[in-house]
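Student:
Protein chains: 2
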Amino acid sequence: MTQKILEVVQTTILKEKPDPSTLEFGKHFSDHMFMMDYTSEEGWHQPRVVPYQSLTLEPAAMVFHYGQTVFEGLKAYRSSNGDIRLFRPEENFKRLNQSCDRLSIPKVNEEAMLEYLKEFVKLDKDWIPKEKGMSLYIRPFIISTEATLDVSPSRAYTLMIILSPVGSFYKGGIDPVSIFVENEYTRAAPGGTGNAKTAGNYSGAYKAQERASSHKKDQVLWLDGVEKKYVEEVGSMNVFFKINDEIHTPALNGSILEGITRKSVIELLESEGMSVCERSISIDEVIAANENGSLQEMFGTGTAAVISPVGRLEYKGRDYEINNGKMGETASWLHETLVGIQTGALDDPFGWSIEVNG
Amino acid sequence: MTQKILEVVQTTILKEKPDPSTLEFGKHFSDHMFMMDYTSEEGWHQPRVVPYQSLTLEPAAMVFHYGQTVFEGLKAYRSSNGDIRLFRPEENFKRLNQSCDRLSIPKVNEEAMLEYLKEFVKLDKDWIPKEKGMSLYIRPFIISTEATLDVSPSRAYTLMIILSPVGSFYKGGIDPVSIFVENEYTRAAPGGTGNAKTAGNYSGAYKAQERASSHKKDQVLWLDGVEKKYVEEVGSMNVFFKINDEIHTPALNGSILEGITRKSVIELLESEGMSVCERSISIDEVIAANENGSLQEMFGTGTAAVISPVGRLEYKGRDYEINNGKMGETASWLHETLVGIQTGALDDPFGWSIEVNG
Ligand SMILES: Cc1ncc(COP(=O)(O)O)c(C=O)c1O
Ligand SMILES: Cc1ncc(COP(=O)(O)O)c(C=O)c1O
Numbered sequence: 001m002t003q004k005i006l007e008v009v010q011t012t013i014l015k016e017k018p019d020p021s022t023l024e025f026g027k028h029f030s031d032h033m034f035m036m037d038y039t040s041e042e043g044w045h046q047p048r049v050v051p052y053q054s055l056t057l058e059p060a061a062m063v064f065h066y067g068q069t070v071f072e073g074l075k076a077y078r079s080s081n082g083d084i085r086l087f088r089p090e091e092n093f094k095r096l097n098q099s100c101d102r103l104s105i106p107k108v109n110e111e112a113m114l115e116y117l118k119e120f121v122k123l124d125k126d127w128i129p130k131e132k133g134m135s136l137y138i139r140p141f142i143i144s145t146e147a148t149l150d151v152s153p154s155r156a157y158t159l160m161i162i163l164s165p166v167g168s169f170y171k172g173g174i175d176p177v178s179i180f181v182e183n184e185y186t187r188a189a190p191g192g193t194g195n196a197k198t199a200g201n202y203s204g205a206y207k208a209q210e211r212a213s214s215h216k217k218d219q220v221l222w223l224d225g226v227e228k229k230y231v232e233e234v235g236s237m238n239v240f241f242k243i244n245d246e247i248h249t250p251a252l253n254g255s256i257l258e259g260i261t262r263k264s265v266i267e268l269l270e271s272e273g274m275s276v277c278e279r280s281i282s283i284d285e286v287i288a289a290n291e292n293g294s295l296q297e298m299f300g301t302g303t304a305a306v307i308s309p310v311g312r313l314e315y316k317g318r319d320y321e322i323n324n325g326k327m328g329e330t331a332s333w334l335h336e337t338l339v340g341i342q343t344g345a346l347d348d349p350f351g352w353s354i355e356v357n358g
Numbered sequence: 359m360t361q362k363i364l365e366v367v368q369t370t371i372l373k374e375k376p377d378p379s380t381l382e383f384g385k386h387f388s389d390h391m392f393m394m395d396y397t398s399e400e401g402w403h404q405p406r407v408v409p410y411q412s413l414t415l416e417p418a419a420m421v422f423h424y425g426q427t428v429f430e431g432l433k434a435y436r437s438s439n440g441d442i443r444l445f446r447p448e449e450n451f452k453r454l455n456q457s458c459d460r461l462s463i464p465k466v467n468e469e470a471m472l473e474y475l476k477e478f479v480k481l482d483k484d485w486i487p488k489e490k491g492m493s494l495y496i497r498p499f500i501i502s503t504e505a506t507l508d509v510s511p512s513r514a515y516t517l518m519i520i521l522s523p524v525g526s527f528y529k530g531g532i533d534p535v536s537i538f539v540e541n542e543y544t545r546a547a548p549g550g551t552g553n554a555k556t557a558g559n560y561s562g563a564y565k566a567q568e569r570a571s572s573h574k575k576d577q578v579l580w581l582d583g584v585e586k587k588y589v590e591e592v593g594s595m596n597v598f599f600k601i602n603d604e605i606h607t608p609a610l611n612g613s614i615l616e617g618i619t620r621k622s623v624i625e626l627l628e629s630e631g632m633s634v635c636e637r638s639i640s641i642d643e644v645i646a647a648n649e650n651g652s653l654q655e656m657f658g659t660g661t662a663a664v665i666s667p668v669g670r671l672e673y674k675g676r677d678y679e680i681n682n683g684k685m686g687e688t689a690s691w692l693h694e695t696l697v698g699i700q701t702g703a704l705d706d707p708f709g710w711s712i713e714v715n716g
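Chains as they are written, first to last, in my numbering: chain C, 1 to 358; chain A, 359 to 716.
Below, the structure written as structure tokens:
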């Protein structure tokens, strides 16, 4: 099936590209944006690309009041021979639909969306940075637009994709991060929206991030919302532990986001004959393993940073150093391998890296 | 202190008012809207009233992505002698600031906001319906407007107030509602955002409302997010029980919204010498009390419906009738008294009903 974008309105004035050396995350956007509308009568319709521009919405638009919105995040990479590559983009549209389901938003056609995305990225391909470690961040999102204060699912939506050139997410490169174990604020609870990528999950986490920062830690380690006992995620990443030469990660329990990097890390390790144990992991176990020396590595996984080693952890007023504050060999290997596959520098036996011929 | 709105730009064309007999909730808005902006440099500034109009926002505006937004809901009533009345509006601005705190949004000046609101309502006073049971719904809300995909508190916000003439919230008048006890989806958990009025709490509840509707029930009865055992709220209302001639309501535990109607109901009952027991109330206790005849009444409280009796309840596949499906005497008395105070028909020994002289 090839789905074509209905209409492309090209911009007449190309914007100046930002200086890669001073680039801030998510502040600059490419020349165009993709849009598509939904109404109860027409379903999703009118896929189009238009110059990047402001939106016009009623003050009563439901997104402002009841937050019915979902989003995704993925990247386009430029390989050394100039190819444009997307990493497992079909997984993002699959997860978008899972999020839509939780938020009572009508689902999109995943195959069509992928075709639209490719066409759109090709049009704005000059926005994919060529510099090492840089990429074009892709943000698909859906907002509810019906203008009513009635508390019920909207009957109108707009889906958009915007593109933003980005450097490394963590400005300190892949220096290990420090984390603060949060045991008061909750990110997500069973039966809630934790496994959907929806706006409210993120702003609800700011208070905890502020506390982590005031303790001079980079990120929050989230515990489960019921017992505040089991590790769930780190910042906006999934989390892995290497204990006694085995890899462990919290099992998907409904309140954890099903990360695509997480999934890829598991598949990659298993393809090397290493098994990954998905289970409940208590913070007490992590602390004990660190104290007795069996915790060899801890790292986060996500599209932004790919692999982000954890070098320091604060829990109940005490600071713990992990792996002497250094990045471990498994984290290093995973980072190199994944980035290699993403950028086309390494072989891709999985077929994860999709070439978009520009 | 008297705070004046900086600037009033009056509309040149007055809109036609909707027909009160066919009025739908939250679909029609008055001639003007109130706005005020925040920037890190200037704080909250430029309070103004302008013709009701669309907003222009960047696609990257943070509200679309990370949902940093809070809102309030209150009403302006027209008394029989033509006065304009607001019900405990200072409580709404106090709660707005509590919500702001949870969502890392800069607080507003509560006293100034109240003065702005009065001035604004006076300007659009012709939009307050004169018909019995009708009122002008007031929706203050704040959205984050900075255009960046960085996951951190916005440095720019807009506060708006829009006004919508409304009839009775429940179209069937004060006929008792039926409710479905939800024991899978969670509205709020300890450490989450349940006691803040923020967008994500509402869209996250749609799935449960859809299930309630598919069971032919009007509203969801929410249980606690940890054990799914204790009653928290009903729909977007707080909940009360009359058991053995005593009034009971779930204690404020951090995941329950601190309703202003709830607070008023407690104060009203206590002023009549009745005590209200705020405690944990399990769904099993409610069912047992209904079975043995000691549950005399159950009702929800909120700005929209004031008092909403519950006549039927479904739990674990069984239907239970409460008080023979009728509104009880306490609910009736509370409804009459509160509506009487709100509309100026009854004496107001509490000073809850504030006259806005137009
Ligand atoms: C809450 C949360 N957890 C985990 C992740 C990691 O997911 P992915 O690997 O698909 O980027 C993300 C998204 O980046 C996230 O927002
Ligand atoms: C979730 C929720 N619970 C309870 C209430 C009742 O609060 P109030 O009495 O202040 O209207 C509201 C708001 O109306 C609400 O949104």
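Glycine included, every Cβ here is placed at the ideal spot set by N, Cα and C.
Find the residues of chain C that neighbour residue 565 (chain A), judging by a C-beta separation of less than 7 Å, and give them in chain order.
Tutor: Here residue 565 (chain A) corresponds to residue number 207 of the second sequence, with the count starting at 1. Per Cβ cutoff of 7 Å: 102 and 104.
Student: Just the C-alpha distance for residue 533 (chain A) and residue 177 (chain C), rounded to the nearest angstrom, thanks.
Tutor: Along the second sequence, one-based indexing puts residue 533 (chain A) at 175. Along the first sequence, one-based indexing puts residue 177 (chain C) at 177. Rounded to whole angstroms, residue 533 (chain A) and residue 177 (chain C) show a C-alpha spacing of 57 Å.
Student: Under 7 Å between beta-carbons, which chain A residues line up against residue 331 (chain C)? List them in chain order, please.
Tutor: Start at 1 with the first residue of the first sequence, and residue 331 (chain C) comes out as number 331. Those do not exist, as residue 331 (chain C) stays about 22 Å from chain A at its closest Cβ, beyond 7 Å.
Student: Between the alpha carbons of residue 288 (chain C) and residue 230 (chain C), how many angstroms are there, rounded?
Tutor: Reading the first sequence from its first residue, position 288 is the one you call residue 288 (chain C). Reading the first sequence from its first residue, position 230 is the one you call residue 230 (chain C). Near 14 Å, if we compare the C-alpha coordinates of residue 230 (chain C) and residue 288 (chain C).
Student: Under the criterion of a Cβ to heavy atom distance below 8 Å, does residue 259 (chain C) qualify as lining ligand 1?
Tutor: For this step, residue 259 (chain C) is matched to residue 259 along the first sequence. Residue 259 (chain C) Cβ: within cutoff of ligand 1.
Student: At a cut-off of 8 Å, is residue 233 (chain C) close to ligand 1 when judged by its beta-carbon and the heavy atoms of the ligand?
Tutor: Position 233 of the first sequence, counted from the first residue, corresponds to residue 233 (chain C). Yes.
Student: Which partner residues does residue 433 (chain A) have in the DSSP bridge list?
Tutor: The sequence position of residue 433 (chain A) within the second sequence is 75, counting from 1. Bridge partners of residue 433 (chain A): A:495.
Student: Distance check for residue 369 (chain A) and residue 410 (chain A), CA to CA, integer angstroms please.
Tutor: Counted from its first residue, the second sequence places residue 410 (chain A) at position 52. Counted from its first residue, the second sequence places residue 369 (chain A) at position 11. If you take the alpha carbons of residue 410 (chain A) and residue 369 (chain A), they lie about 8 Å apart.
Student: Residue 606 (chain A): which of A:572, A:655 and A:629 sits nearest, CA to CA?
Tutor: The residue given as residue 606 (chain A) occupies position 248 in the second sequence. When each option's Cα is compared against that of residue 606 (chain A), the closest is A:655.
Student: With 9 Å set as the bound, which would you pick, yes or no: does the beta-carbon of residue 676 (chain A) sit closer than that to a beta-carbon of chain C?
Tutor: Here residue 676 (chain A) refers to the residue found at position 318 when the second sequence is read from its first residue. Cβ-Cβ to chain C under 9 Å: no for residue 676 (chain A).
Student: Could you say which of C:320, C:126 and C:4 lies nearest to residue 77 (chain C) if we only look at CA atoms?
Tutor: Within the first sequence, residue 77 (chain C) is the residue found at index 77, counting from 1. Here the closest residue by C-alpha is C:126.
Student: For chain C, is any of its Cβ atoms less than 9 Å away from the one on residue 413 (chain A)?
Tutor: Here the question's residue 413 (chain A) lines up with position 55 in the second sequence. Cβ-Cβ to chain C under 9 Å: yes for residue 413 (chain A).
Student: Would a C-beta distance cut-off of 9 Å place residue 692 (chain A) and residue 627 (chain A) closer than the cut-off?
Tutor: Translated into the one-based positions of the second sequence, residue 692 (chain A) becomes position 334. Translated into the one-based positions of the second sequence, residue 627 (chain A) becomes position 269. Their beta carbons are under 9 Å apart, which means residue 692 (chain A) touches residue 627 (chain A) by this criterion.
Student: Would you decide whether residue 377 (chain A) is buried or exposed? Buried here means 16 or more other CB atoms lie within 10 Å of its CB.
Tutor: Here residue 377 (chain A) is taken as the residue at index 19 of the second sequence, counted from 1. Counting Cβ neighbours within 10 Å, residue 377 (chain A) comes out exposed, since fewer than 16 surround it.
Student: Mind pulling the beta strand (DSSP E) runs of 3 or more residues that sit fully within the stretch 144-171 of chain C?
Tutor: 156-166
Student: From residue 316 (chain C) to residue 222 (chain C), what does the alpha carbon distance come to, in whole angstroms?
Tutor: Against the first sequence, residue 316 (chain C) aligns to sequence position 316. Against the first sequence, residue 222 (chain C) aligns to sequence position 222. When rounded, the distance between both Cα atoms is 13 Å.
Student: The beta strand (DSSP E) spanning residue 305 (chain A) covers which residue range?
Tutor: Any answer about residue 305 (chain A) is impossible in this case: the structure gives chain A only from 359 up to 716.
Student: The alpha helix (DSSP H) with residue 451 (chain A) in it runs from where to where?
Tutor: Here residue 451 (chain A) corresponds to residue number 93 of the second sequence, with the count starting at 1. Here the alpha helix (DSSP H) through residue 451 (chain A) covers 447-460.
Student: Roughly how many angstroms lie between the CA atoms of residue 384 (chain C) and residue 439 (chain A), to the nearest whole one?
Tutor: Given that chain C is displayed from residue 1 to residue 358, the structure contains no residue 384 (chain C) and the question cannot be resolved.
Student: Suppose contacts are defined by Cβ-Cβ distances below 9 Å. Is residue 96 (chain C) in contact with residue 111 (chain C) by that definition?
Tutor: What you label residue 96 (chain C) is simply residue 96 of the first sequence in a count that begins at 1. What you label residue 111 (chain C) is simply residue 111 of the first sequence in a count that begins at 1. Taking 9 Å as the cut-off, the beta carbon of residue 96 (chain C) is found no closer than this to the beta carbon of residue 111 (chain C).
Student: Quick one: which chain A residues come within Cβ less than 7 Å of residue 418 (chain C)?
Tutor: Because residue 418 (chain C) is not part of the residues shown, which for chain C are 1 to 358, the question remains open.
Student: In terms of DSSP beta bridges, what is residue 695 (chain A) paired with?
Tutor: Looking up residue 695 (chain A) in the second sequence gives position 337. Partner(s): none; residue 695 (chain A) has no beta bridge.
Student: Check whether the stretch 125-144 of chain C and the stretch 100-115 of chain C are in contact - that is, three or more C-beta pairs closer than 8 Å.
Tutor: yes
Student: Please report the residue range of the beta strand (DSSP E) in which residue 645 (chain A) lies.
Tutor: Counted from its first residue, the second sequence places residue 645 (chain A) at position 287. Residue 645 (chain A) -> not in any beta strand (DSSP E); alpha helix (DSSP H) instead, spanning 641-649.
Student: Which chain A residues are close to residue 226 (chain C), counting only those with a beta carbon under 7 Å from its beta carbon?
Tutor: One-based indexing of the first sequence puts residue 226 (chain C) at position 226. Those are 584, listed as they occur along chain A.
Student: Is the Cβ of residue 116 (chain C) closer than 9 Å to any Cβ of chain A?
Tutor: The residue given as residue 116 (chain C) occupies position 116 in the first sequence. Chain A, which has no Cβ nearer than 9 Å to the Cβ of residue 116 (chain C), makes this no.
Student: Do residue 556 (chain A) and residue 204 (chain C) have their CB atoms nearer than 9 Å?
Tutor: Residue numbering aside, residue 556 (chain A) sits at position 198 when the second sequence is read from its first letter. Residue numbering aside, residue 204 (chain C) sits at position 204 when the first sequence is read from its first letter. The answer is yes: Cβ separation under 9 Å.
Student: Distance cutoff 9 Å, beta carbons only. Does residue 32 (chain C) sit that close to anything in chain A?
Tutor: Indexing the first sequence from 1 puts residue 32 (chain C) at position 32. With its beta carbon at least 9 Å from every one in chain A, residue 32 (chain C) lies outside the interface.
Student: Where do the N-terminal and C-terminal ends of the beta strand (DSSP E) with residue 627 (chain A) fall, by residue?
Tutor: The count along the second sequence starts at 1 and reaches residue 627 (chain A) at position 269. Looking at the DSSP string, residue 627 (chain A) is not in any beta strand (DSSP E); the run it does join, the alpha helix (DSSP H), is 618-629.
Student: Please report the Cβ distance between residue 220 (chain C) and residue 313 (chain C), rounded to the nearest whole angstrom; I am assuming they are in contact, meaning their Cβ atoms lie under 8 Å.
Tutor: On the first sequence, residue 220 (chain C) is found 220 positions in, with the first residue counted as 1. On the first sequence, residue 313 (chain C) is found 313 positions in, with the first residue counted as 1. Under the criterion of beta carbons closer than 8 Å, residue 220 (chain C) and residue 313 (chain C) do not qualify as touching, at roughly 11 Å.
Student: Where do the N-terminal and C-terminal ends of the alpha helix (DSSP H) with residue 478 (chain A) fall, by residue?
Tutor: Reading the second sequence from its first residue, position 120 is the one you call residue 478 (chain A). Run containing residue 478 (chain A): 468-481, per the alpha helix (DSSP H) assignment.
Student: Check each candidate in C:240, C:15, C:154 and C:261 and name the one with the smallest Cα separation from residue 327 (chain C).
Tutor: Numbered from 1 along the first sequence, position 327 holds the residue referred to as residue 327 (chain C). If you compare the alpha carbons of C:240, C:15, C:154 and C:261 with that of residue 327 (chain C), the shortest gap goes to C:240.
Student: So residue 210 (chain C) is in the alpha helix (DSSP H); what residue range does that whole segment cover?
Tutor: The sequence position of residue 210 (chain C) within the first sequence is 210, counting from 1. First-last of the alpha helix (DSSP H) with residue 210 (chain C): 206-214.
Student: Just verifying my parser: in three-state terms, what is the DSSP assignment at residue 422 (chain A)?
Tutor: By 1-based counting over the second sequence, the position of residue 422 (chain A) is 64. Residue 422 (chain A): helix per DSSP, three-state reduction.
Student: I want to see whether chain C comes within less than 9 Å of residue 334 (chain A), judged by CB atoms only; does it?
Tutor: Look at the range of chain A in this structure, 359 to 716, and you will see that residue 334 (chain A) is not part of it.
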